[in-house]
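Trainee: Have a look at this one before I ask anything.
Residue numbers (my numbering): 55 to 135.
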C-alpha cells in the first residue's frame, strides 16, 4: 500500500479513523464500546511501518545505517520496560 499512497497520508488517515472510532466508543456503552475500541487496533497496525518509512526517507546512501539505528532504538525501548 505504501508504494501507491504517500506514507504521510496513510498515517494521517489511520490516525483520523482511530480518533473517530475511539470517540464513538467513548460516547456509547456496552458491546458497542468494546467493538469500536477493538476495531481501532486494526488501524494502529500500520503506524509502525509507516513511521519507519517516513523516518528513513531521504537518507540516500545512509539508509542502511538509519534503518539499523531505528531498529536498535525500538529494541532498546522494549528492553527498558
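For every residue, glycine included, the Cβ atom is placed at its ideal position computed from N, Cα and C.
(1) Is the region 115-130 touching the region 93-100, taking contact as three or more C-beta pairs under 8 Å?
(2) Rounding to the nearest angstrom, what Cα-Cα distance links residue 80 and residue 119 in this structure?
(3) For residue 55, which of helix, strand or coil comes out of DSSP?
(4) Within 8 Å of any Cβ in chain D, is that where the Cβ of residue 65 sits?
(5) Can you tell me where the alpha helix (DSSP H) with residue 62 in it begins and where it stops?
Mentor: Answer, in terms of the structure:
(1) The region 115-130 is not in contact with the region 93-100.
(2) 42 Å
(3) coil
(4) Among the chains in the structure shown there is no chain D, since it carries only a single protein chain.
(5) Per DSSP, residue 62 is one residue of the alpha helix (DSSP H) stretching across 61-81.
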